[in-house]
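Participant:
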Amino acid sequence: MKFSEEKIDLATGPVRYLKGGSGPAILHLHSAAGPRVSPALERLALKHTIYMPTMPGFNGTPAHAGVATMDALADLTADFVRATIGKGCDVIAESFGGWIALWLAVKQPDLVEQLVLEAPAGMRTKGIGGLPTDPAERNRKLYAVPERAPQDPRFEEVMPGNGKAAAGYNKGETLDAELLKALPQIKARTLLLFGTKEEVTPVEDVGRRLKTGIAHSHLSYIYGAAHAIEFDQPERVARLVGAFLERGEAFVVRTAEVA
Amino acid sequence: MKFSYFHLMPWTELDEAPQQWPASNQSFDPARGKELYDSYIDTMAFAEDCGFDWVGCNEHHFSPYGLMANCNLIGSVLTQRTKTIKLAMLGNLIPLLNPIRVAEEYAMIDVMSGGRLVAGLIRGVPHEYIAYNVVPGESRERLREATALIIKAWTEPEPFGWEGEFYQYPSVSIWPKPMQKPHPQILMSASNEESAEFAGQHRAMMGMTLIADLKIAQRCINVYRDAARAHGKEPTPADILIGQNTLIARSDEEAKEHLAAGLNYFHKVLMHSIRDAMRLVVQKSRFFAQEQYGERFVNRLATLNSRSIDEMIEAGSVLCGSPKTVIKQMKRIQGELGNGRFNLNMKIGNIPDKVVRTSMELFRDEVLPEAASL
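In order, the protein sequences belong to chains A and B.
The first sequence begins at 71 in our numbering and counts up one residue at a time.
The second sequence begins at -19 in our numbering and counts up one residue at a time.
(1) Measuring CA to CA, which of 189(A), 220(A), 321(A), 292(A) is closest to residue 365(A)?
(2) Taking just the CA atoms, how far does residue 331(B) sit from residue 287(B)?
(3) Do you know whose CA, among 132(A), 129(A), 151(A), lies nearest residue 119(A)'s CA?
(4) In angstroms, rounded to a whole number, what distance separates the CA positions of residue 133(B) and residue 159(B)?
(5) Could you confirm whether any beta carbon from chain B is found closer than 7 Å to the beta carbon of residue 121(A)?
(6) Quick one: Cα of residue 160(A) to Cα of residue 167(B), how far?
(7) For the stretch 237 to 244 of chain B against the stretch 176 to 195 of chain B, are there 3 or more C-beta pairs whose distance is under 8 Å?
(8) Residue 84(B) CB to nearest chain A CB: under 7 Å?
(9) So, with DSSP's three-state summary, where would you put residue 283(B)?
(10) Establish whether the CB of residue 33(A) and some CB of chain B are separated by less than 7 Å.
(11) So which of 94(A), 122(A), 117(A) has the shortest CA-CA distance to residue 107(A)?
(12) What's the call for residue 155(B), buried or exposed, on a 16-neighbour Cβ count within 10 Å?
(13) Excluding the 5 residues preceding and the 5 following residue 82(A) in the sequence, name in chain order all residues of the same chain whose CB lies nearer than 7 Å to its CB.
(14) Please identify the residue among 124(B), 44(B), 33(B) whose C-alpha is closest to the C-alpha of residue 328(B).
(15) Determine the DSSP secondary structure at residue 222(A), reduced to helix, strand or coil.
(16) Assuming contact is defined by CB atoms lying nearer than 7 Å, are residue 140(B) and residue 289(A) in contact in what I supplied?
(17) So, at 7 Å on beta carbons, what are the nonlocal neighbours of residue 367(B) in its own chain, with the 5 sequence-adjacent residues on each side left out?
(18) Could you check if residue 315(B) is buried or exposed, using at least 16 other CB atoms within 10 Å of its CB as the buried criterion?
(19) Which residues bound the alpha helix (DSSP H) around residue 298(B)?
(20) Grab the span of the beta strand (DSSP E) containing residue 123(B) for me, first residue to last.
(21) Would you report the Cα separation of residue -13(B) and residue 273(A), rounded to the nearest angstrom?
(22) Hey, how far is the Cα of residue 91(B) from the Cα of residue 157(B)?
(23) Near residue 132(A), what residues of its chain come up, given a Cβ to Cβ distance below 7 Å and the 5 sequence neighbours on each side ignored?
(24) Less than 7 Å between CB atoms is the rule here; does residue 322(A) satisfy it with respect to chain B?
(25) Can you find a C-beta in chain A that's less than 7 Å from the C-beta of residue 246(B)?
(26) Which term fits residue 269(B), buried or exposed, when burial requires 16 or more other beta carbons within 10 angstroms of its beta carbon?
(27) Out of curiosity, what's the CA-to-CA distance linking residue 218(A) and residue 287(A)?
(28) So for residue 126(A), helix, strand or coil by DSSP?
(29) Note the first and the last residue of the continuous beta strand (DSSP E) segment covering residue 150(B).
(30) Would you say residue 278(B) and residue 225(B) are within 7 Å of each other, going by their C-beta atoms?
(31) For the candidate residues 143(A), 310(A), 163(A), whose alpha-carbon lies nearest to that of residue 185(A)?
(32) Between the C-alpha atoms of residue 52(B) and residue 260(B), what's the straight-line distance to the nearest angstrom?
(33) In chain B, what lies closer than 7 Å to residue 266(A) by C-beta?
(34) Taking Cβ-Cβ distances below 9 Å as the criterion, which residues of the stretch 129 to 145 of chain B are in contact with chain A?
(35) Quick check: the Cα distance between residue 61(B) and residue 242(A), rounded to an integer number of angstroms?
(36) Is residue 223(B) near the ligand ZN, going by C-beta to nearest heavy atom under 6 Å?
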């Protein structure tokens, strides 16, 4: 599946984005590692058009004046959706992107139809989980299936800058108290995905908080996945997310196609 | 030392061995079946009066070898017939079953018994995979995934979904949940090194049966201990259960005579066609990841079949004799293996129930008082 790199000028500055696939739009919000087209997204792109904006400051892109917090990134994302997709859409968000998606669903409910949060950030008690600095240990916590980790050499070049960009927005916080209070305002049906080997955003901490806070939420485990679930288990993620996005609340009802 | 009383519920009425597997059920007599179930359940409930810590049930299919196609049905009956003894399901053959159903039925037994379930999560012997038409080569990975799913089903406080390799459940929330917290004790089979490592990785108790050689058994236990330690569990003797065909009588001679007759029926009649089915699965599938373990499994069965009672005693395969003799045999095995539990199967083949009762009474009156402190 070919993804093209495009650019759009928003009020606060230019935003680069990847676009690929065909069908109903999906907004994909990337993790702190930056935008990456995972095998799971390639599968989903067979039936959807995926828009993946690069948040300002990531992959060497310039920061936008006045966009310095997580909820400001949500405002920028709302502008992006209006300018590119032109209406509300389904949203998939990984880790750091999940934090933005949560704010987007709180502040702009009309723009988020269904929400998929993959091990989202922003809801973690400090001192529980998190990513270690040791590279080997870090990789172990990200990838349960190391051979499926992305191999793009450019990734190593942009990673340090991406890490700094993420820290600039979240100010080193792990639990967004204001957002936590606002979770009950989320109206979108939400699928919460966690790997059975998740250690970065432990489900006992993050998953429970979100499941309790979001009224129409459903928590599912992806067997054999750590934090980067789209890379660890692309087939399982695409199968489940595809069913959820296509069939809404009826995704729990098995069909011959799914079988 | 703790003791478990184990029962296979064998069909005792065959005059000759079934010639092929699965065994024809043409000669099954339901009226006799009812008598056997009544008698076997009485005996299992009696285990509580005899001081056993556990009473053990198990699952087998398509064979007069055992009449417990679903051991949870017997476990359920025992919740109402006993008060304190632990109910050890040894166990459900997880890769053949719906893991959510297993989680539910085990939770029912745990709640109905007031928290007395020991949950065996067992892979099963090879030929059972023909019975339920499951790919034998998937058995280990099915067991791994199902175990994780069952534990989640027992422990998750909210409804959840599961997207796995073999199992997909979009929405799970079992009622009841188990009484024991965080969940019932889990026991896994460790009769070969592959299984022993798996049990250790899961920090489960281990169970071993059909010992043909104490040195090989010791090796398996060491593999289990190392794997458990590597996964954060320091195993204790109570985590190691050794299964033994057992006959206790007033004299050694009497015990050997009864056991020889029972084993003759067991090996020559009940096991006859099963061995062929097992061999077929072992040789024609990847039931064992390493070929050597498959060969060892087949050889072990052949060895056990060919030995005399004295040879079996010497090899640590059976406990047989007067109470004093059996205590000595237990001490020797415990010294070699470091186990803290024995699982005693006394209804071997067609040994009369009266002989089994006497064996249990002798265990209660003359073995347990001394053996409990081993």
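Backbone N, C-alpha and C fix where the C-beta goes; we use that ideal spot for every residue, glycine too.
Facilitator: The answer reads as follows:
(1) Chain A is shown from 71 up to 329; residue 365(A) falls before or after that span and cannot be answered.
(2) Within the second sequence, numbered from 1, the residue matching residue 287(B) stands at position 307. Within the second sequence, numbered from 1, the residue matching residue 331(B) stands at position 351. C-alpha separation (whole angstroms): 19 Å.
(3) Here residue 119(A) is taken as the residue at index 49 of the first sequence, counted from 1. The shortest C-alpha separation from residue 119(A) is found at 151(A).
(4) Taking the second sequence and counting its residues from 1, one reaches residue 133(B) at position 153. Taking the second sequence and counting its residues from 1, one reaches residue 159(B) at position 179. C-alpha separation (whole angstroms): 13 Å.
(5) Locating residue 121(A) in the first sequence gives position 51, where the first residue counts as 1. Not one chain B Cβ lies under 7 Å of residue 121(A).
(6) Position 90 of the first sequence, counted from the start, is the residue given in the question as residue 160(A). Position 187 of the second sequence, counted from the start, is the residue given in the question as residue 167(B). Distance between the alpha carbons of residue 160(A) and residue 167(B) is about 45 Å.
(7) no
(8) Numbered from 1 along the second sequence, position 104 holds the residue referred to as residue 84(B). Chain A, which has no Cβ nearer than 7 Å to the Cβ of residue 84(B), makes this no.
(9) By 1-based counting over the second sequence, the position of residue 283(B) is 303. Correct three-state label for residue 283(B): helix.
(10) This structure gives no information on residue 33(A), because the portion of chain A shown stretches from 71 to 329.
(11) Locating residue 107(A) in the first sequence gives position 37, where the first residue counts as 1. Ranking 94(A), 122(A), 117(A) by Cα distance to residue 107(A) puts 122(A) first.
(12) Here residue 155(B) corresponds to residue number 175 of the second sequence, with the count starting at 1. Residue 155(B) should be labelled exposed.
(13) Here residue 82(A) refers to the residue found at position 12 when the first sequence is read from its first residue. If we look at residue 82(A) and ignore the five residues flanking it on each side, its Cβ neighbours are 134, 135, 136, 137, 146.
(14) If you number the second sequence from 1, residue 328(B) lands on position 348. Of the candidates 124(B), 44(B), 33(B), the one whose C-alpha sits nearest the C-alpha of residue 328(B) is 44(B).
(15) The sequence position of residue 222(A) within the first sequence is 152, counting from 1. Coil at residue 222(A), not helix or strand.
(16) Against the second sequence, residue 140(B) aligns to sequence position 160. Against the first sequence, residue 289(A) aligns to sequence position 219. A contact, by the Cβ cut-off of 7 Å.
(17) The question about residue 367(B) has no answer, for chain B in this structure spans -19 to 354.
(18) Along the second sequence, read from residue 1 onward, the residue named residue 315(B) stands at position 335. Exposed, because fewer than 16 other Cβ atoms sit within 10 Å of the Cβ of residue 315(B).
(19) As a working mapping, residue 298(B) is identified with position 318 in the second sequence. Taken as a continuous stretch (DSSP letters only), residue 298(B) belongs to no alpha helix (DSSP H), being part of the beta strand (DSSP E) at 298 to 301.
(20) In the second sequence, counting from the first residue as 1, residue 123(B) sits at position 143. For residue 123(B), there is no enclosing beta strand (DSSP E); the enclosing alpha helix (DSSP H) has its first and last residue at 119 to 135.
(21) Here residue -13(B) refers to the residue found at position 7 of the second sequence. Here residue 273(A) refers to the residue found at position 203 of the first sequence. Going from the Cα of residue -13(B) to the Cα of residue 273(A) covers about 41 Å.
(22) In the second sequence, the residue the question calls residue 91(B) occupies position 111. In the second sequence, the residue the question calls residue 157(B) occupies position 177. The alpha-carbon atoms of residue 91(B) and residue 157(B) are separated by roughly 8 Å.
(23) Within the first sequence, numbered from 1, the residue matching residue 132(A) stands at position 62. Here residue 132(A) has 83, 126 as same chain residues with Cβ atoms under 7 Å from its own Cβ, once five neighbours each way along the sequence are excluded.
(24) For this step, residue 322(A) is matched to residue 252 along the first sequence. Put simply, the CB of residue 322(A) is near chain B, with a gap under 7 Å to one of its CB atoms.
(25) Against the second sequence, residue 246(B) aligns to sequence position 266. No - not a single Cβ of chain A is within 7 Å of the one on residue 246(B).
(26) For the purposes of this step, residue 269(B) is identified with residue 289 of the second sequence, where counting begins at 1. Per the 10 Å Cβ criterion, exposed.
(27) As a first step, residue 218(A) is located in the first sequence; it is residue number 148 there, counting from the start. As a first step, residue 287(A) is located in the first sequence; it is residue number 217 there, counting from the start. About 29 Å.
(28) Taking the first residue of the first sequence as position 1, residue 126(A) is located at position 56. If DSSP states are grouped into helix, strand and coil, residue 126(A) belongs with coil.
(29) Looking up residue 150(B) in the second sequence gives position 170. Looking at the DSSP string, the run of the beta strand (DSSP E) that includes residue 150(B) is 148 to 152.
(30) Taking the second sequence and counting its residues from 1, one reaches residue 278(B) at position 298. Taking the second sequence and counting its residues from 1, one reaches residue 225(B) at position 245. Contact: no.
(31) Along the first sequence, one-based indexing puts residue 185(A) at 115. The option with the nearest alpha carbon to residue 185(A) is 163(A).
(32) Residue mapping note: residue 52(B) aligns to position 72 of the second sequence, counting from 1. Residue mapping note: residue 260(B) aligns to position 280 of the second sequence, counting from 1. Answer to the nearest angstrom: the Cα atoms are 29 Å apart.
(33) Stepping through the first sequence from its first residue, residue 266(A) is reached at position 196. Chain B residues near residue 266(A): 128.
(34) 129, 132, 136, 137, 138, 139, 140, 141, 142, 143, 144, 145
(35) Numbered from its first residue, the second sequence carries residue 61(B) at position 81. Numbered from its first residue, the first sequence carries residue 242(A) at position 172. Between residue 61(B) and residue 242(A), the C-alpha separation is close to 60 Å.
(36) This structure lacks the ligand ZN; in fact it carries no ligand of any kind.
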